[in-house]
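Okay, so here's the structure we're looking at.
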Amino acid sequence: MRRSSVLPFVLSLFAFTVCANWGAAFAQTPPNICDLIDQLGIEKQLNSHAYGILVACGHVPPPPTASSSEVSISSPTNMGGVDQDVVLGGEGTYPHVTQSETQIWTEGSTSVVAYNDSRTAPSCYAGASSSTDGGTWTDMNSRPFCSGHGTNYGDPVLVYDKKHTRWLAGFLATGCGGQGIGFWSSTDGINWSTGSCAHNGSSDDRQSGWVDNTPTSPFYGRVYLTWNDFAVGQFIFVTFSDDGGVTWSGAVQVESNAAFIRNVQVTTGPNGTVFVAGMDEGGGGLNPRSNLLFRSTNGGASWSQISMGSSFTPPGSSTCGYFAAMFPSYWRHMGWGDIGAGPGGVIHYACAQHGAGTDTGDIYYTRSTDDGLTWSAATRLNTDGGIRLQWQPALSVSPAGHVFVSWYDARNTTGNDYERWGRLSNDNGVTWQADDVISDASSPLPLQPDGSVQPCYAGDYDRSFADGSAFFITWVDGRTLVSGNPQQDVFFDKIPDGPPPPPPPITLTATGYKLKGAETADLSWTPTIPGDTVNISRDSIIIATADPDDGAYTDNMGIKGNNDTYVYQVCRVQTGECSNLATVKFGNK
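What the sequence shown shows, in the working numbering, is residues 72 to 660, in sequence order.
Next up, the structure:
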């Protein structure tokens with residue numbers, strides 16, 4: 072059987088002191104913890120604590136010493152502004168220089184990004200940076216998340232609760248049951264204080280958080296936290312807070328599948344429905360897998376399960392133990408996606424899948440128009456058509472239903488270099504603008520030289536944010552060198568948002584003449600839009616339709632009249648937009 076309960080004594084097995092390195096850290100590890108690796112699914116866990124146990128128990132070798140890599144940088148045109156390295160100058164001392172796995176949130180002029188940070192590993196893996204102008208970033212060198220809840224094992228959750236005017240950041244922490252989830256709070260996103268334990272657990276992993284910030288929702292101000300509890304059958308659980316993270320509800324089990332289901336991400340809809348994206352990983356590696364949705368309409372008290380589509384082949388070309396890898400034995404990623412909710416019951420999901428033939432990764436998108444009950448066939452968002460890799464998408468949705476999906480993309484690069492790309496929909500996912508590059512330059516594949524961090528790790532997720540003014544995007548980048556080596560840094564860019572620009576006005580010209588005595592008018596208009604349809608009117612009566620819109624029409628009236636006057640106009644069917652009025656007047660000849 073896949074599921075089993077873990078004896079209460081396991082709680083104490085995880086409560087040990089982390090010292091200067093993994094060997095010292097696990098010298099005090101109880102011998103029988105190694106016997107529980109399969110029972111606790113430690114090989115499937117994503118956190119640094121689990122990796123340390125595997126090293127100490129001899130299940131994986133320590134990470135190799137990293138060597139330098141040549142940097143190859145291009146300068147393509149790009150969308151967004153100037154890329155910002157949000158940890159520039161605060162990377163740490165080599166080899167403790169790994170910063171990745173991000174979640175960003177913006178409230179007003181303040182943006183905060185939380186991430187995994189190994190500069191003081193293995194005693195703390197949590198970092199953050201803030202900006203009050205969207206362009207200048209300050210690294211939180213005071214390390215506010217490194218005290219108050221014991222050892223911080225990272226895996227960031229970050230939200231701003233509008234109802235209670237409070238920032239909340241959550242991480243795995245030993246002070247919350249050995250490996251539970253602790254929170255910190257702030258009123259300004261810059262100064263933080265230790266909060267409560269959202270869940271006391273001995274083997275929590277892959278948590279995700281969101282807050283219901285819709286004032287008309289019946290659960291306005293409710294903060295949700297989901298995770299896999301590897302000490303309780305590896306199931307997905309949820310807890311919530313209705314008082315700004317001061318207190319938390321009891322844990323509610325979300326699913327009870329026989330197969331292991333990874334907790335991917337959680338979000339809420341404007342009507343208060345809660346959505347948890349999960350993945351059946353098919354036993355790991357490069358096995359086929361499937362996406363699942365768990366849906367609650369009563370604030371997380373009970374849940375229903377919905378399939379988001381048929382099984383698919385995951386991205387990747389190799390493996391790292393249990394995990395698929397995007398590069399040879401590096402950058403674990405199982406095709407995990409991101410979920411967001413728009414207006415009108417439209418729910419959005421983007422993930423990575425294996426492409427056609429030898430294409431090892433593409434980005435796919437699916438949507439639901441009935442509040443998550445049914446899902447469309449997945450469509451590919453990257454349009455390069457080649458076999459270069461795309462992977463690990465992030466998705467954000469504005470209140471108006473503008474959707475932005477971004478991802479790592481190697482189409483324009485050689486070797487292992489990559490860029491950050493994205494694609495925008497201004498109509499709640501119905502149509503999409505062209506995909507384009509976000510990053511100002513390509514990134515070399517960043518190394519992971521820190522022996523306190525899983526060697527296959529390069530960040531397991533990035534969560535972006537939209538507030539109606541812009542899309543706030545963060546990703547891991549290797550352009551900043553430390554000790555001559557590309558290493559994992561957090562980069563930021565902002566994509567302006569707003570209503571789509573109005574189309575240029577239709578300008579109509581009309582020229583009248585007599586052809587063998589018959590009154591005739593040549594009409595032409597600009598601009599033309601391929602695929603659109605235009606109705607042509609004479610004296611307010613539609614006389615013809617240009618389908619497709621080709622910008623020209625000849626009106627041969629067959630009338631041999633004198634002193635006749637006609638008024639023409641063209642109107643675009645898709646938008647209702649009409650041209651100016653153009654008058655044609657015929658004389659006696």
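Backbone N, C-alpha and C fix where the C-beta goes; we use that ideal spot for every residue, glycine too. Bear in mind that the values here come from a model prediction, so they are computed numbers and not experimental data.
Classify residue i as buried or exposed, calling it buried when 16 or more other Cβ atoms lie within 10 Å of its own Cβ.
i: residue 324; result: exposed
i: residue 37; result: Since the first and last residues shown for the chain are 72 and 660, residue 37 lies out of range.
i: residue 115; result: buried
i: residue 535; result: buried
i: residue 468; result: buried
i: residue 626; result: buried
i: residue 212; result: exposed
i: residue 586; result: exposed
i: residue 317; result: exposed
i: residue 480; result: buried
i: residue 647; result: exposed
i: residue 652; result: exposed
i: residue 619; result: exposed
i: residue 444; result: exposed
Alpha carbon to alpha carbon, how far is residue i from residue j?
i: residue 162; j: residue 185; result: 14 Å
i: residue 284; j: residue 373; result: 21 Å
i: residue 232; j: residue 313; result: 10 Å
i: residue 593; j: residue 584; result: 8 Å
i: residue 624; j: residue 334; result: 58 Å
i: residue 380; j: residue 361; result: 7 Å
i: residue 276; j: residue 118; result: 7 Å
i: residue 514; j: residue 483; result: 11 Å
i: residue 71; j: residue 229; result: For the chain, the structure presents residues 72 to 660; residue 71 sits outside this window and is missing.
i: residue 576; j: residue 598; result: 8 Å
i: residue 302; j: residue 540; result: 42 Å
i: residue 475; j: residue 641; result: 34 Å
i: residue 580; j: residue 442; result: 47 Å
i: residue 270; j: residue 250; result: 9 Å
i: residue 350; j: residue 295; result: 19 Å
i: residue 120; j: residue 226; result: 11 Å
i: residue 609; j: residue 496; result: 37 Å
i: residue 61; j: residue 614; result: Nothing can be reported for residue 61: it is not among the residues displayed for the chain, which extend from 72 to 660.
i: residue 354; j: residue 503; result: 34 Å
i: residue 429; j: residue 386; result: 11 Å
i: residue 293; j: residue 235; result: 10 Å
i: residue 105; j: residue 342; result: 46 Å
i: residue 218; j: residue 206; result: 29 Å
i: residue 94; j: residue 182; result: Unreliable placement is indicated for residue 94, whose pLDDT of 41 sits below 50; the coordinate value is still reported in the next sentence. Those two C-alpha atoms are separated by around 38 Å.
i: residue 326; j: residue 279; result: 16 Å
i: residue 310; j: residue 528; result: 28 Å
i: residue 208; j: residue 654; result: 59 Å
i: residue 393; j: residue 356; result: 5 Å
Grab the span of the beta strand (DSSP E) containing residue i for me, first residue to last.
i: residue 656; result: 653–656
i: residue 234; result: First-last for residue 234: undefined, no H or E at that position.
i: residue 190; result: 181–191
i: residue 290; result: Residue 290 -> no beta strand (DSSP E), and no H or E assigned at all.
i: residue 15; result: Past the edges of the chain, shown from 72 to 660, lies residue 15, and the structure says nothing about it.
i: residue 479; result: 474–480
i: residue 350; result: 345–351
i: residue 562; result: 560–567
i: residue 575; result: Residue 575 -> no beta strand (DSSP E), and no H or E assigned at all.
i: residue 464; result: 461–468
i: residue 364; result: 361–367
i: residue 335; result: 332–339
Determine the closest residue to residue i out of the options, with distance taken between C-alpha atoms.
i: residue 297; options: 288, 272, 106; result: 272
i: residue 188; options: 492, 223, 303; result: 223
i: residue 465; options: 488, 338, 417; result: 338
i: residue 656; options: 601, 590, 647; result: 590
i: residue 364; options: 210, 304, 353, 438; result: 438
i: residue 547; options: 554, 509, 411; result: 509
i: residue 179; options: 307, 104, 237, 601; result: 237
i: residue 567; options: 128, 149, 113; result: 149
i: residue 166; options: 517, 612, 113, 607; result: 517
i: residue 215; options: 245, 326, 263; result: 263
i: residue 498; options: 435, 412, 458; result: 412
i: residue 473; options: 287, 530, 543, 208; result: 543
Say yes only if the C-beta of residue i is nearer than 7 Å to one or more non-hydrogen atoms of the ligand FMN, and no if none qualify.
i: residue 360; result: Judged by which ligands are present, the structure shown has none, so any question about the ligand FMN falls away.
Cβ contact check for the region 631–642 and the region 551–571: 3 or more pairs under 8 Å: no
Contact between the region 190–209 and the region 154–161 (3+ Cβ pairs under 8 Å): yes
Inter-stretch contact (C-beta, 8 Å, three-pair minimum) for the region 446–461 and the region 521–535: no
At least 3 beta-carbon pairs within less than 8 Å: the region 488–495 vs the region 404–412: no
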